Every structure is written in structure tokens, then in C-alpha cells.
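Counting in UniProt numbering, the final residue of the sequence shown is number 495, and the numbers go up one at a time with none missing.
Heads up, the beta-carbon is just placed ideally off N, CA and C, and yes, glycines get one too.
For clarity, every value in this text was computed on a predicted model and none was experimentally measured.
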Amino acid sequence: MAEKPTNTIQDAAAAAAPKPAQPPRNPAFRMMGLPSFRFKLPSRNWLIFLSITGSFTTALLYDRHHKKKAHQKWCTIVSHMAQEPLPVDRMPRRLTIFLSAPPGDGLRAARAYFQEYVKPVLVSAALDWEVIEGRREGDVRAGLAEKVRKLRVKNGESRSSQGEPKVEEEEKESIEDALAQVRQKNGIEDWDGIQGDLIIGRNTWKEYVRGLHEGWLGPLDPPAEPPPLKQTPPPAPAPLDASVASESTSSSPELQQSDQEKKNDSDSLPTPALVPPSTSNATIPTPPYISPAQYFTSPLPRTLPPTLPPSLPLPFPHILGFLNTPIRVYRFLTRRHLADSTGREVAALVLAASIRPYDHKESFVSSEDVDDTSPRNKEELAASDGIVAHTGHRWEQQRVLEEEEAEWHKSVRKPRKEGEETVWMEEVVVDERIGERMRRFELGGRENTFGGLSDGEPRDNEVTWVETMKIWVGMGKEKHEPKGWEQGLVGEEGD
Numbered sequence: 001m002a003e004k005p006t007n008t009i010q011d012a013a014a015a016a017a018p019k020p021a022q023p024p025r026n027p028a029f030r031m032m033g034l035p036s037f038r039f040k041l042p043s044r045n046w047l048i049f050l051s052i053t054g055s056f057t058t059a060l061l062y063d064r065h066h067k068k069k070a071h072q073k074w075c076t077i078v079s080h081m082a083q084e085p086l087p088v089d090r091m092p093r094r095l096t097i098f099l100s101a102p103p104g105d106g107l108r109a110a111r112a113y114f115q116e117y118v119k120p121v122l123v124s125a126a127l128d129w130e131v132i133e134g135r136r137e138g139d140v141r142a143g144l145a146e147k148v149r150k151l152r153v154k155n156g157e158s159r160s161s162q163g164e165p166k167v168e169e170e171e172k173e174s175i176e177d178a179l180a181q182v183r184q185k186n187g188i189e190d191w192d193g194i195q196g197d198l199i200i201g202r203n204t205w206k207e208y209v210r211g212l213h214e215g216w217l218g219p220l221d222p223p224a225e226p227p228p229l230k231q232t233p234p235p236a237p238a239p240l241d242a243s244v245a246s247e248s249t250s251s252s253p254e255l256q257q258s259d260q261e262k263k264n265d266s267d268s269l270p271t272p273a274l275v276p277p278s279t280s281n282a283t284i285p286t287p288p289y290i291s292p293a294q295y296f297t298s299p300l301p302r303t304l305p306p307t308l309p310p311s312l313p314l315p316f317p318h319i320l321g322f323l324n325t326p327i328r329v330y331r332f333l334t335r336r337h338l339a340d341s342t343g344r345e346v347a348a349l350v351l352a353a354s355i356r357p358y359d360h361k362e363s364f365v366s367s368e369d370v371d372d373t374s375p376r377n378k379e380e381l382a383a384s385d386g387i388v389a390h391t392g393h394r395w396e397q398q399r400v401l402e403e404e405e406a407e408w409h410k411s412v413r414k415p416r417k418e419g420e421e422t423v424w425m426e427e428v429v430v431d432e433r434i435g436e437r438m439r440r441f442e443l444g445g446r447e448n449t450f451g452g453l454s455d456g457e458p459r460d461n462e463v464t465w466v467e468t469m470k471i472w473v474g475m476g477k478e479k480h481e482p483k484g485w486e487q488g489l490v491g492e493e494g495d
């Protein structure tokens, strides 16, 4: 049977039809030796890579844009304070910043948090501040307690006669005291308004409360050191028998000769000078002058004011660990919320519009179980089989920033060496006489006034991103604010 021909008439016609001409190449690319590019979708792997990186970059740019606007909002709110006149014979308002290294990390993290979220608002208000830092646990407590003790001495209290002579105290006078004397001679007065304390983090807050109690309730002089233990001399060796000694000396003349040579060699070597050990160590904080158990029995000093300077505990979210990477990435991409909340709190401190005392209205009921020391709700405890043993109140100072302790590094909970402080893991003890005098900054009724400055509305002298793009393309004009010498020319052309 004959086979059918492979080439049909249609195939022959299709083969004879002319092929479509290729689009002309770009002469510039042809002169450069580059091939012709064809626009097409990238491969699947490239699409996955570009979508992930593009999404992350977009989220980061969006967050940083709104973070910048949040900074600008709160800086604009307090910027009017920088324009207020200040007499030449008066010092500006001076705040005290307390910050310490977070558990498991160094002091650099706390400094970066202060410079990024707190410092811009303080600079916009033209405020002055001093910083009490703590690299180790207990440094902030010791620094604040010493500051309060100096204030008590300045207000009229006297130290005991067992202290150092006055000549040595004058030689060891700090630079701040010398500057204060110079200002007093020149008639420069201190700020007569509200000062304020800013405490960053739960660990710093615990040391702040402990140092405040130690400074006002503790003594001005350090406690007496315990007497040194008497060291008993070691017992003298028992005398050898004469016969045994003669046998040992006669039986080992070579050993006696070698011992004599070693003794001569040791005598010929120079003896190093013995350096007495240093009793002062700058890295170790000063031990506390009073323990928390002695707060309630200590008398109040006569220089204690009716109200203490107001304070502001500021949250410091800080978490470590590889397993917490998702939480850290989320916080890295949502820093705009932290900037807005932090700016709100710092603005309350700067404006000092509303100050209230700390409350102690939260009641708790504890069971008879010794191991269970956590506060419980009354209804929850009544439903259980526990027996009510104690009912009391918790101060607000004990509850402030309490949620941060769950994110602390596990190294904080390890047992400490003898002599190391454990302020961070101990409960906050508040004496009623000190707790009632403590006050706190808050925005209060001015928060509604600030609500008009939302993040979505442009402010004065602010260029939106649409106007920025128009200026960059060349379709818009920059806002020109007339200078001082140009303001007289406005309106002269129409006159």
C-alpha cells in the first residue's frame, strides 16, 4: 500500500509564506554591542524574592515615615516653650533622667532609646537635663540616694562628727557644687518651678523607688563596718624526737645540701614590693545605708518636703533571645506606635499641665498558702477552696511597668554571688509616708487639645510628600517664608 505524501498543499503554502520581520533593534544598543531586550515576566523564583523583599521594604518605609511624623507632632506641641523668654539671672528648667542597662544587655541600648525617642522632644522644648546612669544593678539606687543625702545636708541637716574633716571635704568638692557657689555669688537664681524626674524602664524604676526611700529615711552617715574577725595563729608543730632527728639528718646529707642551695638562690632573687589591696572599687555601687525592713521604723527627717518632685516612669520595651525573633521583627516594623506613645508621655513631662499623686486603691486578697503570694481577685478566691488570710492594697508604684518583667532575660533570675544586689528581683517596698508624697505627670484634659494635630493633617511649614514630588519633577514651587528684612516689602506694590 502506498504511503501518503508528507507535504500537503497547506504545509507547502505555510512554508512558502514570508516570516514576520523582527522589530528593528535600538541603534544605541547595537552600537554598544548589547543584545535586544524583550520585556517579559521574571521567573517564579524571582517573583517570590521580589515580593518578599518589596513587602518588607514597603513596610519599613511606611513605618519610618509615620514615625517621623509622630516625632514631628510632639516636637511641634512643645516647641512654643523654646520661644518663651528667660531672664538672664535665672537658670532654665532642669530635668533628671534615670536610665540603666536593661537586664542581659549593656547601657548602649538604653542610651539609644533615649536619644531616638526622648531627646528630640526635650530639645524642641529647650530644656536642660542631667543623667544618672547605671551600668550595673544598684548604680541608680546609690546615685539617687547620695543626691538626696546631699540635698538634706544643704537644707540644714548635719552629719556626725565621725566623718571626714571639713578641709578634706572642701578638697573633694565636686564641680557641680563649685558652679553652684559661683552662681550664688553672681546672683543667678535656680528655676523656681517644677523640675521633674524621668525614669526609663521597670528595672530603673525599682532602683529609683529604693533610692528615694534610702535617701529620705536612711541615715546621712554610712553604717559602721563590722569589726574584723580575729585570726587565730596556727598551732606550732610538735618537736621531733632527738633520735629520729639525728637519723634523718645523718641519712640524707645530699638532701640537706640541695635545700641549702635552693635557699641561697631564693635569697639572691629580688623581693617584689608588696602592694596593699585597694579598698575602693569604682565599679561596685555603694552598699545601701538602710534595708527595706527598716523603712517603717525610721523617723522622718525634718527637711522632708510635703511633696516630692513629680516623676514619670517611661516604658522601655526590650526583649532578647533567638526564639523571640518574630516579636523583635514586629516591633522593628511598628516603631511608629512606640514613637507616638513615648512622645505623648514625654510631652506630659515637659508641659507639666497635670500632676496627680500615685494611688493605692487596688485591693487584693491572698490565700493562706505560703507559696502563693500573687494577688487574686475576691470572686476568684471565693470560688476556690482557699482560705482568706490577708486583705490589703497595692500602691501604684508597685504596679508601674510590671508587664516588662516577663520579657527580662533569664540571667536576672539566677542566684547572685555574695555581696551583689538583687533589687531587680525583689518586690517594690513603699513606705506610706514617702508614697503619699510622690506625684506623677499626665496629660489630663490637654489630650483633647492635642487631638487636633493628627498624623494625617499637615501642619504649618510642613511639605507633604505630594508637594515634594511636584517640586522634584519641576511642577511645584517651594514654600518661601519671608525673612525678617523682607516682611516690610509685603503689600508695597499695590499701594
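- PRO326 versus PRO317 - alpha carbon distance: Counting from 1 along the sequence shown, the entry for residue 326 is found at position 326. Counting from 1 along the sequence shown, the entry for residue 317 is found at position 317. Rounded to the nearest angstrom, the gap between the Cα atoms of PRO326 and PRO317 is 15 Å.
- Query: If we call anything under 8 Å between Cβ atoms a contact, is TYR289 one with VAL429?
  - Reply: Stepping through the sequence shown from its first residue, residue 289 is reached at position 289. Stepping through the sequence shown from its first residue, residue 429 is reached at position 429. Annotated as distal: TYR289 and VAL429, with beta-carbon spacing of 8 Å or more.
- Query: Which whole-angstrom value describes the C-beta separation of ASP89 and ILE188, a residue pair presumed to lie in contact below a C-beta threshold of 8 Å?
  - Reply: In the sequence shown, residue 89 corresponds to position 89, counting from 1. In the sequence shown, residue 188 corresponds to position 188, counting from 1. So it is a contact: roughly 5 Å between Cβ atoms.
- Message: Taking only three categories from DSSP, how would you classify GLU340?
- Response: Here residue 340 corresponds to residue number 340 of the sequence shown, with the count starting at 1. Here residue 340 turns out to be Asp, not Glu, going by the sequence shown. ASP340 falls in the helix class under three-state DSSP.
- Assuming PHE98 and VAL140 form a contact by the criterion Cβ under 8 Å, report the distance between their Cβ atoms to the nearest whole angstrom. Reading the sequence shown from its first residue, position 98 is the one you call residue 98. Reading the sequence shown from its first residue, position 140 is the one you call residue 140. Contact between PHE98 and VAL140 holds, with the beta-carbon distance rounding to 6 Å and staying under 8 Å.
- Same chain, Cβ closer than 7 Å to PHE335, five either side skipped, listed in chain order: Against the sequence shown, residue 335 aligns to sequence position 335. In the sequence under discussion, the amino acid at residue 335 is Arg, which differs from the Phe named in the question. Only residues of its own chain outside the window of five on either side were considered, and among them ASP63, LYS67 have a CB closer than 7 Å to the CB of ARG335, listed in chain order.
- Task: May I ask you to report which of helix, strand or coil DSSP gives PRO102?
- Result: Residue 102 sits at position 102 when you count from the first residue of the sequence shown. Note: PRO102 maps to coil in three-state DSSP.
- Can you tell me which of the three DSSP states ILE284 falls into? Against the sequence shown, residue 284 aligns to sequence position 284. Here DSSP, grouped into helix, strand and coil, assigns ILE284 to coil.
- Message: Within the continuous alpha helix (DSSP H) that includes GLU176, where are the two ends?
- Response: As a working note, residue 176 is residue 176 in the sequence shown. Unbroken alpha helix (DSSP H) run through GLU176: 175–185.
- Task: Look at PHE441 and PRO310 and say whether their C-beta atoms are less than 8 Å apart.
- Result: Against the sequence shown, residue 441 aligns to sequence position 441. Against the sequence shown, residue 310 aligns to sequence position 310. Going by beta carbons, PHE441 and PRO310 fall inside the 8 Å limit.
- Task: Return the CA-CA distance between ALA145 and SER51, expressed in angstroms with no decimal places.
- Result: Counted from its first residue, the sequence shown places residue 145 at position 145. Counted from its first residue, the sequence shown places residue 51 at position 51. Answer to the nearest angstrom: the Cα atoms are 56 Å apart.
- Under the three-state reduction of DSSP, which class applies to PHE332: helix, strand or coil? By one-based count along the sequence shown, residue 332 stands at place 332. Helix at PHE332.
- Apart from the five residues on each side of it in sequence, which residues of its chain come closer than 8 Å, Cβ to Cβ, to SER268? Working through the sequence shown from its first residue, we reach residue 268 at position 268. Caution is warranted here: a pLDDT of 48 is assigned to SER268, below 50, making its placement in the model unreliable, and no coordinate value can be reported.
- Query: Span of the beta strand (DSSP E) holding SER79?
  - Reply: Taking the sequence shown and counting its residues from 1, the one referred to as residue 79 is at position 79. Looking at the DSSP string, SER79 is not in any beta strand (DSSP E), and its letter there is neither H nor E.
- Message: Under DSSP, the beta strand (DSSP E) around LYS311 begins and ends at which residues?
- Response: Here residue 311 is taken as the residue at index 311 of the sequence shown, counted from 1. The residue you asked about is not Lys; residue 311 is Ser in the sequence shown. Counting along the chain, the beta strand (DSSP E) containing SER311 begins and ends at 311–314.
- Query: Which term fits ARG202, buried or exposed, when burial requires 16 or more other beta carbons within 10 angstroms of its beta carbon?
  - Reply: On the sequence shown, residue 202 is found 202 positions in, with the first residue counted as 1. Here ARG202 is buried, its C-beta having at least 16 other C-beta atoms within 10 Å.
- Message: Can you give me the C-alpha to C-alpha distance between ASN26 and ARG38, rounded to a whole angstrom?
- Response: Start at 1 with the first residue of the sequence shown, and residue 26 comes out as number 26. Start at 1 with the first residue of the sequence shown, and residue 38 comes out as number 38. Rounded to the nearest angstrom, the two C-alpha atoms are 12 Å apart.
- For ASN324, the nearest candidate out of TYR208, PRO292, HIS409 (CA to CA): As a working note, residue 324 is residue 324 in the sequence shown. Closest option to ASN324, judged by alpha-carbon separation, among TYR208, PRO292, HIS409: HIS409.
- Buried or exposed: where does GLN115 fall if 16 or more other Cβ atoms within 10 Å of its Cβ makes it buried? Translated into the one-based positions of the sequence shown, residue 115 becomes position 115. Looking at its Cβ environment, which holds fewer than 16 other Cβ atoms inside 10 Å, GLN115 is exposed.
- Task: Check whether the Cβ atoms of residue 502 and GLY134 lie closer than 8 Å to each other.
- Result: Since the displayed the chain opens at 1 and closes at 495, residue 502 lies outside it and no answer follows.
- Residues sharing a beta bridge with THR96, DSSP: On the sequence shown, position 96 is the one that residue 96 refers to. Answer is GLU130, ASP197.
- Buried or exposed: residue 497, going by 16 or more other Cβ atoms within 10 Å of its Cβ? Coverage of the chain is limited to positions 1 through 495, which leaves residue 497 absent and any answer about it impossible.
- Alpha carbon to alpha carbon, how far is ARG394 from LEU61? Position 394 of the sequence shown, counting from 1, holds the residue named residue 394. Position 61 of the sequence shown, counting from 1, holds the residue named residue 61. Approximately 43 Å, taken between the alpha carbons.
- Report the three-state DSSP secondary structure of ARG38 (helix, strand or coil). Your numbering for residue 38 matches position 38 in the sequence shown. Three-state DSSP puts ARG38 in coil, outside helix and strand.
- Message: In this structure, how does DSSP classify ILE355 when only helix, strand and coil are distinguished?
- Response: Position 355 of the sequence shown, counting from 1, holds the residue named residue 355. Assigned with DSSP and collapsed to three states, ILE355 falls in strand.
- Message: GLY343 and VAL121 - do their beta-carbons sit closer together than 8 Å?
- Response: Against the sequence shown, residue 121 aligns to sequence position 121. Against the sequence shown, residue 343 aligns to sequence position 343. Yes, Cβ-Cβ distance for VAL121 and GLY343 is below 8 Å.
- Item | Of the residues GLN22, ILE199, HIS80, TYR113, the one placed nearest GLN397, counting alpha carbons only | The residue given as residue 397 occupies position 397 in the sequence shown. Checked all of GLN22, ILE199, HIS80, TYR113; the closest Cα to GLN397 is ILE199.
- Anyone know if the C-beta pair for CYS75 and SER36 falls short of 8 Å? Within the sequence shown, the letter at position 75 stands for residue 75. Within the sequence shown, the letter at position 36 stands for residue 36. No, Cβ-Cβ distance for CYS75 and SER36 is not below 8 Å.
- Since PHE322 is in the beta strand (DSSP E), which residue starts that stretch and which ends it? By 1-based counting over the sequence shown, the position of residue 322 is 322. For PHE322, no beta strand (DSSP E) encloses it, and the DSSP letter there is neither H nor E.
- For the ligand SAH, is there a heavy atom less than 7 Å away from the beta-carbon of ALA70? In the structure on display, the ligand SAH does not appear, and there are no ligands present to speak of.
- Of the residues LEU217, TRP424, VAL412, GLN195, the one placed nearest ALA353, counting alpha carbons only: The residue you call residue 353 lines up with position 353 of the sequence shown. For ALA353, the nearest C-alpha among the options comes from GLN195.
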